[in-house]
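Working notes, beginning with the structure itself.
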Amino acid sequence: MKIQIIGFAGSGKSTLAAKLSKKYNLPVLHLDSVYWEGDWQVKDFAKQQEEVKKFITENNDYVIEGNYFKLVPERFSSCDKLIFLNYNRFYCFKKAYQRYRQFKGTCRPDLPCKEKFDFAFAKWILFDQRTAKKRKQIKGAISACKGEVLTFKNQKELQKYLINQGILLG
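Residue numbers (this note's numbering): 126 to 295.
Below, the structure is given as structure tokens:
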């Protein structure tokens with residue numbers, strides 16, 4: 126099973142990927158770890174492409190979480206299941222800030238940079254990642270998927286689905 130998880134910053138993509146990876150015994154790739162190098166430096170795009178293609182080639186089944194729509198876009202058409210966490214901006218802001226407080230000054234398991242929460246990131250969560258252009262990219266990824274597409278508008282909907290699948294978010 127090839128699972129692709131997309132959604133807004135702070136929506137819980139990494140947490141969901143870890144749960145699905147554990148439940149189905151699948152390797153997981155966090156695209157933030159492909160995009161960023163330490164100290165918030167962006168990796169070379171060709172290197173990013175190479176890392177994702179290598180992961181896909183080496184694994185028949187997997188979980189990939191993250192948007193980065195230009196990064197190996199064929200991953201959307203080849204996935205069996207695409208999950209879109211379409212949560213409201215205030216929930217995402219709250220969860221991202223909670224994550225910052227939890228990991229402040231350290232690196233999360235899914236990101237090689239020290240956790241930070243600054244004005245630019247707050248603006249990204251509340252406004253910049255929700256532009257018409259970004260929504261068009263999301264729609265494009267969803268329409269490219271030939272597998273099952275699941276969209277959740279809040280944590281309660283996702284939790285209900287996960288319980289039905291025998292998975293708890295914890």
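For glycine and all other residues, C-beta sits at the position ideal for the given N, C-alpha and C.
Thinking just about the alpha-carbon of each residue, which of the options is nearest to the one in residue i?
i, options, result
"residue 185", "197, 220, 205", "205"
"residue 192", "274, 140, 130", "130"
"residue 271", "202, 197, 195", "202"
"residue 278", "210, 232, 289", "210"
"residue 134", "246, 200, 196", "246"
"residue 214", "196, 180, 251", "251"
"residue 269", "217, 285, 200, 259", "200"
"residue 198", "175, 168, 145", "175"
"residue 249", "217, 223, 224", "217"
"residue 164", "223, 224, 233", "233"
"residue 287", "144, 255, 128", "144"
"residue 243", "222, 228, 227", "222"
"residue 126", "273, 284, 289", "273"
Look at the Cβ atom of residue i, then the Cβ atom of residue j, and state whether they are nearer than 8 Å.
i, j, result
"residue 208", "residue 156", "no"
"residue 253", "residue 139", "no"
"residue 177", "residue 151", "no"
"residue 239", "residue 231", "yes"
"residue 257", "residue 188", "no"
"residue 194", "residue 262", "yes"
"residue 122", "residue 190", "Examination of residue 122 is not possible in this model, given that the chain is present from 126 through 295 alone."
"residue 302", "residue 265", "Any answer about residue 302 is impossible in this case: the structure gives the chain only from 126 up to 295."
"residue 168", "residue 292", "no"
"residue 146", "residue 237", "no"
Report yes or no: is there a C-beta of chain D within less than 8 Å of the C-beta of residue i?
i, result
"residue 232", "The structure shown contains no chain D; it holds only a single protein chain."
Compute the beta-carbon to beta-carbon distance between residue i and residue j, rounded to the nearest angstrom, for a pair I have assumed lies under 8 Å.
i, j, result
"residue 220", "residue 137", "7 Å"
Can residue i be considered in contact with the ligand ADP, in the sense that its beta carbon sits closer than 7 Å to one or more heavy atoms?
i, result
"residue 154", "Among the ligands in the structure shown, none appear at all, so the ligand ADP cannot be discussed."
field: Length at least 3, wholly inside the region 168-225: the beta strand (DSSP E) runs in chain order
entry: Whole beta strand (DSSP E) segments, 3+ residues: 187-190, 206-210.
Whole runs of the beta strand (DSSP E) within the region 243-285, excluding any shorter than 3 residues: Whole beta strand (DSSP E) segments, 3+ residues: 273-277.
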